[in-house]
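If you're matching them up, the sequences are chains D and L in order.
According to this note's numbering, the first sequence is numbered sequentially starting from 106.
According to this note's numbering, the second sequence is numbered sequentially starting from 5.
For each residue, glycine too, the CB sits at the ideal point set by N, CA and C.
Quick caveat, the model's predicted, so the values are computed rather than measured.
Notes follow the structure.
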Amino acid sequence: MSSPVISVRGLGKRYQISGRGSHDTLRDHLAHGAKALFHRVAGGKAGDGGDSGEFWALRDVSFDVQQGEVMGVIGRNGAGKSTLLKILSQITDPTTGEIRVRGRVASLLEVGTGFHLELSGRENVYLNGAILGMTKAEIKKKFDEIVAFADVEKFLDMPVKRYSSGMYMRLAFAVAAHLDPEILVVDEVLAVGDAEFQKKCLGKMQDVSARDGRTVLFVSHNMAAIQQLCSKIVLLEGGEVKFQGGVQAAIEAYLGDNRPASDGMVDLSDWKARKGVEHVKIKALKFLTLGGAQKSEFLMGEPVQLCIEVVFDREVVEPDVGFALLTSHKQPLFASALSDCGPVKNAGPGTMIYSASIDPCQLMPGAYRFALVVMRKGGDVYDFVDEVPGFTVLPIPSENSIQPDLRWGSLFFKFPWRVEPVTK
Amino acid sequence: MRIGGQMAADLSTAIAPPGGDGSDGTRLIRPRKGLIGINFAELWRYRELFLFLAWRDILVRYKQTFLGILWALLQPLLTVLIFTVIFEKLGKFSSNGQPYVVMTLAAWLPWQFFTNALTESSNSLVASSNMVSKVYFPRLIVPAASVLSGLIDFLISLALLVALMAWYHVQFRLRLLLLPLFLAAAFLAAFAVGVWLSALNVKYRDVKYVVPFFTRMGMYVSPVGFMSAEVLHKFGPRDYFFYSLNPMVGVIDGFRWCVLGAGFEPYWAGFLASMGAVLLVLGSGVIYFRTTEKRFADVI
Numbered sequence: 106m107s108s109p110v111i112s113v114r115g116l117g118k119r120y121q122i123s124g125r126g127s128h129d130t131l132r133d134h135l136a137h138g139a140k141a142l143f144h145r146v147a148g149g150k151a152g153d154g155g156d157s158g159e160f161w162a163l164r165d166v167s168f169d170v171q172q173g174e175v176m177g178v179i180g181r182n183g184a185g186k187s188t189l190l191k192i193l194s195q196i197t198d199p200t201t202g203e204i205r206v207r208g209r210v211a212s213l214l215e216v217g218t219g220f221h222l223e224l225s226g227r228e229n230v231y232l233n234g235a236i237l238g239m240t241k242a243e244i245k246k247k248f249d250e251i252v253a254f255a256d257v258e259k260f261l262d263m264p265v266k267r268y269s270s271g272m273y274m275r276l277a278f279a280v281a282a283h284l285d286p287e288i289l290v291v292d293e294v295l296a297v298g299d300a301e302f303q304k305k306c307l308g309k310m311q312d313v314s315a316r317d318g319r320t321v322l323f324v325s326h327n328m329a330a331i332q333q334l335c336s337k338i339v340l341l342e343g344g345e346v347k348f349q350g351g352v353q354a355a356i357e358a359y360l361g362d363n364r365p366a367s368d369g370m371v372d373l374s375d376w377k378a379r380k381g382v383e384h385v386k387i388k389a390l391k392f393l394t395l396g397g398a399q400k401s402e403f404l405m406g407e408p409v410q411l412c413i414e415v416v417f418d419r420e421v422v423e424p425d426v427g428f429a430l431l432t433s434h435k436q437p438l439f440a441s442a443l444s445d446c447g448p449v450k451n452a453g454p455g456t457m458i459y460s461a462s463i464d465p466c467q468l469m470p471g472a473y474r475f476a477l478v479v480m481r482k483g484g485d486v487y488d489f490v491d492e493v494p495g496f497t498v499l500p501i502p503s504e505n506s507i508q509p510d511l512r513w514g515s516l517f518f519k520f521p522w523r524v525e526p527v528t529k
Numbered sequence: 005m006r007i008g009g010q011m012a013a014d015l016s017t018a019i020a021p022p023g024g025d026g027s028d029g030t031r032l033i034r035p036r037k038g039l040i041g042i043n044f045a046e047l048w049r050y051r052e053l054f055l056f057l058a059w060r061d062i063l064v065r066y067k068q069t070f071l072g073i074l075w076a077l078l079q080p081l082l083t084v085l086i087f088t089v090i091f092e093k094l095g096k097f098s099s100n101g102q103p104y105v106v107m108t109l110a111a112w113l114p115w116q117f118f119t120n121a122l123t124e125s126s127n128s129l130v131a132s133s134n135m136v137s138k139v140y141f142p143r144l145i146v147p148a149a150s151v152l153s154g155l156i157d158f159l160i161s162l163a164l165l166v167a168l169m170a171w172y173h174v175q176f177r178l179r180l181l182l183l184p185l186f187l188a189a190a191f192l193a194a195f196a197v198g199v200w201l202s203a204l205n206v207k208y209r210d211v212k213y214v215v216p217f218f219t220r221m222g223m224y225v226s227p228v229g230f231m232s233a234e235v236l237h238k239f240g241p242r243d244y245f246f247y248s249l250n251p252m253v254g255v256i257d258g259f260r261w262c263v264l265g266a267g268f269e270p271y272w273a274g275f276l277a278s279m280g281a282v283l284l285v286l287g288s289g290v291i292y293f294r295t296t297e298k299r300f301a302d303v304i
């Protein structure tokens, strides 16, 4: 094939982060304008509107996708995958660069977009089909096929609010799966439904690319699905292309930084995928024993002291610091925040160390990761880093009874058990 | 390439390509700058989605209500009765010798349509924020479809009007056929303001508070409970012209003129001027809408 079907050149997307609420009101704008005016008069930097900043969700991204290729896009949360798909789907404009697309695109950033709970399954198929770009005639033609795929024949005239979540998802995916575009853009929609249905979806997508020679751009965290479907990968990190090429190499590059923090400390000063403002920065994460020794491997049950170093360029009002502990599959296990223990004091300018003791540490053996946040009470994020490498919990050799690979779950509790015979 | 071309032809009915097609079928996505006009060809390709959205709003309107569609009859009936008591019996307003109830209902019909359409359309984009942030389609469809969905209530109330006209032995004139013209004017006025407000609402949620206030005040300012001739008599012709710049004055008078006859003839100069103003608002609204559209998904 000569020219690529999708050609992305120097693509960038900048977002304004407002430290204020998520929705403007005119009052905010007026107040903000007044503040900016005051700052200018007082000799402050104009445009440096207190809590606002900007960040590049994508920066200088370039790659090509050839006809019939299934291109996987992988990366951590916040790496820019969804932004890329949104620009490709024309939902939002890029800030810089351009994309050339040859052929019709159908994007599935979500299944069931526009589904209305009060409407019946039948009505929703038509509505959703139209939203995804099908004509009435075409939906009519494929209607039976869609319903059969979703396996909901008996419930067609029931409002979808009475559907089980499985049925709902099946119907939603079924409509999407029967689109006939030349280029299909799919975001993580396979993360729905039960295992069997997921297999069906994967099969359907494979059909689309293999049998019909369509081009697919596929975003997922599911490495098994990526391996099964994709022929090439773009790995994004912090909004930039970190790697592009073959599937195996890309997955290794991606999982490569899944290793635990070396010698019990993660330097976060140059961490790319972060959200927040310029003047607050999480600098480092350290793991210590209660005795103060720094290390990254702990025995089961051994307490871990977590130290989060935060640099404040200026005084910040009541910054709350928190962490979430994630499994190696990036599932959050629990979260904790400074404000759990009472009111929070102002901080900065300067560097602060926030420590929390995970004690008792009731984790099963395995590798763990962290998400760290500094935020204002109520939700404005000062700094946020996700999927930071954490520590490893090692099994205790003497306790043979706890076999990590045989036991479910990531948490361990020793509950009092009793056994007694039933007496008549 | 021949096969590809064939497939493209088959599919052209299936997936409407979003705008900006090059002649060779290549689409270019890049930052858009400056003012942006309407892409009529694209709107036409998405006409089915427009109808589907209006159809959805109509289907959903009275789902899971006990009285259902009766609401569309009860509301105007009760309102008109209350207005008649207040304005005719207490306020001693004139109705040119025509039944006051019919005169008020003839005004309530377009007014109700206008306020419904305005409320629905100004809230429409935010209400479909999920769609806006997940799927591409010409966004103008959303406020337009929500204006259309108000028609169903209008038609039901129209049946009530016909019944009341028969009850009061009001003559059915040929002029009634002009009603759609005035309805279209109300549609245009609601859409013009709706386009502005729906786009503003994406960024400034103040709109949520402005619209109910606006429609409530508008009901007293517009000649819903009284004849607009009362304004002419009390304030003189110069003020009456400015009063008529409110497009709903002309629309309401037009409805009364069609239903009740010559005594209610609209003040045409004022009506035309108000329609000019509506077109101005519509034009600027569409430009504002199209120009801010690219940021909808980011801020909604």
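Out of curiosity, what's the CA-to-CA distance linking glutamate 269 of chain L and threonine 240 of chain D?
-> 45 angstroms
Serine 112 of chain D bridges to which residues according to DSSP?
-> D/Asp169 and D/Arg205
Give me the Cα-Cα distance between tyrosine 172 of chain L and proline 103 of chain L, rounded to the nearest whole angstrom.
-> 7 angstroms
Could you please tell me which residues of the region 231-245 of chain D, in chain order, have their CB closer than 8 angstroms to any CB of chain L?
-> Tyr231, Leu232, Ala235, Ile236, Leu237, Gly238, Met239, Thr240, Lys241, Ala242 and Glu243
Could you give the DSSP three-state label for proline 251 of chain L: helix, strand or coil?
-> helix
Is the region 197-217 of chain D close to the region 283-290 of chain D, with three or more CB pairs under 8 angstroms?
-> yes
May I ask you to list, following chain order, the residues of the region 138-166 of chain L that have a beta carbon less than 8 angstroms from some beta carbon of chain D?
-> Lys138, Val139, Tyr140 and Phe141
Near glycine 350 of chain D, which residues of its chain fall below 8 angstroms by C-beta distance, leaving aside the five closest residues on each side in sequence?
-> Lys337 and Ile338
State the Cα-Cα distance for the pair valine 110 of chain D and aspartate 169 of chain D, rounded to the nearest angstrom.
-> 8 angstroms
What runs of the beta strand (DSSP E), each 3 residues or longer, lie entirely inside the region 294-333 of chain D?
-> 320-324
Among the residues of its own chain, which have a CB less than 6 angstroms from the CB of valine 252 of chain D, if the five just before and after it don't count?
-> Glu258
As assigned by DSSP and simplified to three states, the class of methionine 239 of chain D | coil
Please report the Cβ distance between leucine 57 of chain L and alanine 196 of chain L, rounded to the nearest whole angstrom; I am assuming they are in contact, meaning their Cβ atoms lie under 8 angstroms.
-> In fact, because the Cβ distance is near 19 angstroms, the residues do not count as touching under 8 angstroms.
Among L/Val225, L/Asp243, L/Asn205 and L/Phe44, which residue has its Cα nearest to the Cα of alanine 301 of chain L?
-> L/Asn205
Cβ shell of glutamate 345 of chain D (< 6 angstroms), same chain only, five flanking positions each side left out | Arg164
Partner residues on chain L for leucine 289 of chain D, Cβ-Cβ distance less than 8 angstroms = Going along chain L, no residue has its Cβ under 8 angstroms from leucine 289 of chain D, so there is no contact; the nearest lies around 10 angstroms.
In whole angstroms, what separates the C-alpha of serine 1 of chain L from that of tyrosine 459 of chain D?
-> Outside the modelled stretch of chain L, which goes from 5 to 304, sits residue 1 of chain L, for which no answer is possible.
Check arginine 523 of chain D in the structure and name its three-state DSSP category.
-> coil
Take aspartate 425 of chain D and list the residues in its own chain whose beta-carbon comes closer than 6 angstroms to its own, dropping the five residues that flank it on each side.
-> Ala442, Leu443, Ser444, Val449, Met480 and Lys482
Within its chain, find whatever has a CB closer than 6 angstroms to the CB of glycine 26 of chain L; leave out the 5 residues flanking it on each side and keep chain order.
-> Summary for glycine 26 of chain L: the model assigns pLDDT 41, below 50, so the residue's position carries little reliability, and this model does not support an answer.
If lysine 340 of chain D and alanine 355 of chain D are in contact, beta carbons under 8 angstroms, what's the gap, nearest whole angstrom?
-> The sequence shown places leucine at residue 340 of chain D, not lysine. Confirmed, about 5 angstroms.
Could you list the residues in the region 31-61 of chain L with a C-beta less than 7 angstroms from some C-beta on chain D, going in chain order?
-> Arg31, Leu32, Ile33, Arg34, Pro35, Arg36, Glu52, Leu53, Phe56 and Arg60
Should leucine 477 of chain D and phenylalanine 439 of chain D be called a contact, given that it needs their Cβ atoms to be closer than 8 angstroms?
-> no
Quick one: does aspartate 156 of chain D have its CB under 8 angstroms from some CB of chain L?
-> Unreliable positioning characterises aspartate 156 of chain D in this predicted model, as indicated by a pLDDT of 45, which lies under 50. The coordinate reading is nonetheless provided below. Taking Cβ atoms only, chain L never reaches closer than 8 angstroms to aspartate 156 of chain D, which makes this a no.
With a Cβ-Cβ cutoff of 8 angstroms, do proline 147 of chain L and serine 202 of chain L count as a contact?
-> yes
Spell out whether any CB of chain D is found under 8 angstroms from the CB atom of alanine 301 of chain L.
-> yes
Going along chain D in order, which residues have a C-beta closer than 8 angstroms to the C-beta of asparagine 127 of chain L?
-> By Cβ distance, chain D contributes nothing, its closest Cβ being about 14 angstroms from asparagine 127 of chain L, past 8 angstroms.
Interface partners of threonine 197 of chain D on chain L, CB under 7 angstroms = Lys298, Ala301 and Asp302
Boundaries (first-last residue) of the beta strand (DSSP E) holding arginine 481 of chain D | 471-481
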